[in-house]
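Take a look at the structure set out below.
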Amino acid sequence: MPFTVAIDGPAAAGKGTISRAVAAHFGFRHLDTGLLYRATGARVIAGEEPLAAAQALVPEDLDRQGLRTAAVADAASKVAAIPEVRAALLAFQRQFARLGAGAVLDGRDIGTVVCPEAEVKLFVTASPEIRARRRFDELRADGDDTDFETVLADVRARDDRDAGRADAPMRAAEDAVVIDTTELDIDAAVARAVEAVSARYGAV
Numbered sequence: 001m002p003f004t005v006a007i008d009g010p011a012a013a014g015k016g017t018i019s020r021a022v023a024a025h026f027g028f029r030h031l032d033t034g035l036l037y038r039a040t041g042a043r044v045i046a047g048e049e050p051l052a053a054a055q056a057l058v059p060e061d062l063d064r065q066g067l068r069t070a071a072v073a074d075a076a077s078k079v080a081a082i083p084e085v086r087a088a089l090l091a092f093q094r095q096f097a098r099l100g101a102g103a104v105l106d107g108r109d110i111g112t113v114v115c116p117e118a119e120v121k122l123f124v125t126a127s128p129e130i131r132a133r134r135r136f137d138e139l140r141a142d143g144d145d146t147d148f149e150t151v152l153a154d155v156r157a158r159d160d161r162d163a164g165r166a167d168a169p170m171r172a173a174e175d176a177v178v179i180d181t182t183e184l185d186i187d188a189a190v191a192r193a194v195e196a197v198s199a200r201y202g203a204v
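Okay, here's the thing in structure tokens:
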């Protein structure tokens, strides 16, 4: 029987790193659903309409260069607030979740909307300041000439947009295990996630 792990949380909380580590630990497939929205956002920046961009996505789009830039992240958050775009990408995510022995999906609404019946739900979070610092360091390492206050403002604006949208707002599922990485290093955060999954995986 397929086993699904849903991992949600705001940007730069560490959910992507944790998701990949959990998938590798258990031998599950992994999908960063944010890439679906980033790829759609990149198409919109290139001149396509949001819904048409979402409907035209192909797997190769997820491997495009430049999907981690601040401009694409901003576009992704905006298209993710469009109900029709979310609906267009929903079937792809749900199909992925139930293929094979197990899958880990990370995003903003996996445990609440995409896979509400997931066997394990995690919500990975951290303070806006810590997340902005992590994002700032990533951007500077990639050669992006920005400043911390701008990144912090972007993080807070994206949080407000993701949590405040009418369709599938970002929130922790009622039965989600919350992992706050504000004062955790990545090894400790991954260990908590693996422990939470192991507790359920051994029981099915």
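Using the UniProt record's numbering, the final residue of the sequence shown is 204, and nothing's skipped along the way. All C-beta atoms, glycine included, are put in the ideal place defined by N, C-alpha and C. Owing to the predicted nature of the structure, the values given are computational and were not obtained by experimental measurement.
- Counting only residues of its own chain and dropping the five nearest sequence neighbours on each side, alanine 88 has a CB closer than 8 Å to the CB of Leu51, Ala54, Gln55.
- Measuring C-alpha to C-alpha distances from threonine 69 to each of Glu84, Phe136, Ser198 identifies Phe136 as the nearest.
- Per the DSSP secondary-structure output, glycine 107 pairs in a beta bridge with Asp8.
- Spanning the alpha carbons of aspartate 106 and arginine 165 requires a straight line of approximately 18 Å.
- Taken in chain order, the unbroken stretches of alpha helix (DSSP H) that lie wholly in the stretch 84-155 and span 4 residues or more are 128-141.
- Scanning Val44, Ala21, Pro128 for the CA closest to the CA of alanine 189 turns up Ala21.
- Below 8 Å, too few C-beta pairs join the stretch 22-35 and the stretch 139-159 to call them touching: fewer than three.
- Proximity of the stretch 38-47 to the stretch 1-11 falls short of the contact definition, fewer than three beta-carbon pairs being nearer than 8 Å.
- With contacts defined as CB atoms closer than 9 Å, alanine 176 and glycine 111 qualify as a contacting pair.
- Boundaries of the beta strand (DSSP E) harbouring valine 177: 177-180, taken from the DSSP string.
- Under the three-state reduction of DSSP output, phenylalanine 3 falls in the strand class.
- In the structure shown, the three-state DSSP call for leucine 36 is helix.
- DSSP places leucine 31 in the strand class (E or B) of the three-state scheme.
- In the structure shown, the three-state DSSP call for leucine 57 is coil.
- Around alanine 193, the same chain offers Ile18, Val22, Leu122, Ile179 as residues with beta carbons nearer than 7 Å, after the five sequence neighbours per side are excluded.
- In terms of Cα proximity to glutamate 129, the closest of Val120, Val114, Asp154, Cys115 is Asp154.
- One thing to note: alanine 75 has its Cβ no nearer than 9 Å to the Cβ of arginine 108.
- Looking at the backbone, the Cα of phenylalanine 28 and that of alanine 157 are separated by about 33 Å.
- Non-local beta-carbon contacts of lysine 15 in its own chain, meaning distances under 6 Å to residues more than five positions away in sequence, involve Ile7, Gly9, Asp106, Val124 in chain order.
- For valine 151, same chain residues with a beta-carbon under 6 Å away, outside a window of 5 residues either side, are Ala132, Arg135, Phe136 in chain order.
- For arginine 94, the CB contacts under 8 Å within the same chain, skipping 5 residues up- and downstream, are Val114, Cys115 in chain order.
- Assigned with DSSP and collapsed to three states, alanine 189 falls in helix.
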